[in-house]
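Residue numbers (my numbering): 35 to 655.
Structure, rendered in structure tokens:
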């Protein structure tokens, strides 16, 4: 007899099953969710649909579909002949890189020397494989802004795994080369993802273009609809009407703006206050994008700013001509601004420089001379590969002091971040390029780092890393010159050294943003310092405790010292207090509830009790 009590494993009243699912059932449900991408594994319709989509190219799947359409089940001729996947050099590189990652992860998971951290390595294996798959899938659609951002984000995540793998390898002498091999394999995947981004753009015909949308095509449609709805709200044509106790702020603002445009000689802008004309202008821009295709983006890049000139004029006049401010008008103008900003030029065109050979650029990928920043990103990628090889060679020497090795691994990681910033930049020294320049001071801080030992001959402190190979020092110096100008006649820079130093010392405001030059340099290094301190606990958990963590992450640790020295180099020569040197991440100062504030004002008492300090009388000493 079956047990039919509520809560038992079998209950006919509950649809045949009740109670908590078993581990096997949970594993099966998770497998269906992960592999078939279904929301409810217990829904047979979702599972059937997912299975048909997954196996749609199989003969039995085509037979089932033909039977559903009333055709004989056995007579299942293929409806199309799928084209063979083109086997390019990048696809071969990707296959090899992913194979290397899988082999290294399996070796680490089966290593007897690492049995104490088997669970941690299992977590690494799952996280790295997922990040690789997500990054590769996103990199195939480089023209789409969201997928391009996802690919760069996954590349950064994989870079974190590679950096941490090198760090853990340095702290585990028995498995140093195994962890560094994994880091090298992950770096291979990161490099292929960057190349795939540029290659996907080239494969879609984005050859000589430089215009990329800042928002996906589908989002531009939503922004267009928001503009139309906010205009209807301004005109009072929506079903929602003002309550009896509310002022007609929208209609009043519309009347004031309408009259002000005529008085200012901007009567042509009043046409945009009609739904028909506004819809025509917005729809023309969205249609010209041609669903984000390469041809549409190039055509849009040559006309968008001309068409949007009227929109920006209306925004500027609308903010200045209406007093007092009106929420419906502000909502309309902000919707217009959000739509127009989506057609601004986004970074990403430099990815072509990474993906395609330089010899084919003349004629095929532009008619103008390459920009200085385009040359620098190519030089950075070449110098990065050279630095990685030299750092790996240095790791094989089994040096006693690992601090130098860890700092070099840190610099290698930061060069990858600089390449990511240059890949999304668009001018010679914009916001991404300024942040990338901060890593040059980190290299300077490393090369100038001194130990506590005194040279008996000169009486000066010896270098912290006295045995660095000459070719490694040369590579580091070359990277500094690619990240910031070292002279006034540098061919790879449009910005001179004099102008760069002037902006740094004066902490000039960066045009088109709310940031200052030196603040950004210092902030980027602060973010790196916070990141290193967060990794201390993880490195300690996975290390063999042969090296105290304080030698790396403590107040006098190697990583903390070079980052603090780099921050000091950034602010060297600036006036006191001109640069924000606070690295703390304070949250927002949430104000008190209005009842608390009213009580404080009415009762003249502090928030937590007591009376405020008496204030001196007006006009007193």
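Don't be surprised by glycine CBs; every beta carbon is placed ideally from N, CA and C.
- Collapsing the DSSP output to three states places residue 488 in a strand.
- Straight-line spacing of the CA atoms in residue 431 and residue 138 works out to 22 Å.
- Residue 232 has its alpha-carbon roughly 8 Å from the corresponding atom of residue 384.
- At the C-beta level, residue 234 and residue 177 come within 8 Å of one another.
- Spanning the alpha carbons of residue 386 and residue 58 requires a straight line of approximately 48 Å.
- In the three-state scheme derived from DSSP, where H, G and I count as helix and E and B as strand, residue 466 is classed as helix.
- Here residue 313 is near residue 262, since their CB atoms are less than 8 Å apart.
- By the criterion of a C-beta distance shorter than 8 Å, residue 424 is surrounded in its chain by 503, 505, 506, 509, once the five residues flanking it on both sides are discounted.
- Residue range 504-517 is occupied by the alpha helix (DSSP H) that includes residue 505.
- The residue from 254, 260, 287, 253 with its alpha-carbon nearest to that of residue 268 is 287.
- Ranked by how close their Cα comes to the Cα of residue 593, the residues 514, 557, 483, 522 have 483 in first place.
- Proximity to residue 134 across 219, 490, 447 peaks at 219, based on C-alpha coordinates.
- Contact between the region 563-579 and the region 194-205 is present: 3 or more CB-CB pairs across the two stretches fall below 8 Å.
- With a cut-off of 8 Å on Cβ pairs, the region 253-261 is not in contact with the region 154-166, counting fewer than three such pairs.
- Residue burial is scored here from C-beta neighbours: residue 541 has at least 16 other C-beta atoms within 10 angstroms and is therefore classed as buried.
- Residue 301 is classed as exposed because its beta carbon has fewer than 16 other beta carbons within 10 Å across all chains shown.
- For residue 550, DSSP records a beta bridge to 543.
- Scanning its chain for C-beta atoms nearer than 8 Å, with the 5 sequence neighbours on each side dropped, one finds around residue 162 the residues 135, 139, 192, 195, 220, in chain order.
- Cβ neighbours of residue 370 within its own chain (closer than 6 Å, five residues either side excluded): 261, 345, 349.
- Under the 8 Å Cβ criterion, the region 350-370 counts as touching the region 284-299, having at least three qualifying pairs.
- Just so you know, the alpha carbons of residue 224 and residue 489 end up roughly 43 Å apart.
- DSSP places residue 497 inside the beta strand (DSSP E), whose first and last residues are 495-497.
- The three-state secondary structure of residue 569, taken from DSSP, is coil.
- Using a Cβ distance threshold of 8 Å, residue 453 and residue 480 do not count as a contacting pair.
- Nearest Cα to residue 217 within the set 549, 189, 317, 236: 189.
- Under the three-state reduction of DSSP output, residue 89 falls in the coil class, being neither helix nor strand.
- Close CB contacts of residue 495 within its chain, under the 8 Å cut and outside five residues either way in sequence, are with 484, 485, 486, 487, 488, 489 (chain order).
- Each of 172, 282, 249 was checked against the Cα of residue 228, and the nearest Cα belongs to 172.
- Non-local C-beta neighbours of residue 294 in its own chain, meaning closer than 8 Å and more than five positions away in sequence, comprise 351, 355, 356, ordered along the chain.
- Inclusion of residue 86 and residue 581 in the CB contact set at 8 Å is not warranted, their separation being larger than that value.
- With contacts defined as CB atoms closer than 8 Å, residue 443 and residue 201 qualify as a contacting pair.
- Rounded to whole angstroms, the separation of the alpha carbons of residue 186 and residue 342 is 30 Å.
- Straight-line measurement puts the Cα of residue 466 at about 22 Å from the Cα of residue 522.
- Shown here, residue 576 sits in coil according to DSSP, grouped into three states, outside any helix or strand.
- Out of 291, 222, 478, 547, the CA that lies nearest to the CA of residue 600 is found in 478.
- Taking 4 residues as the minimum length, the alpha helix (DSSP H) runs contained wholly in the region 369-453 are 385-389, 395-398, 406-429, in order along the chain.
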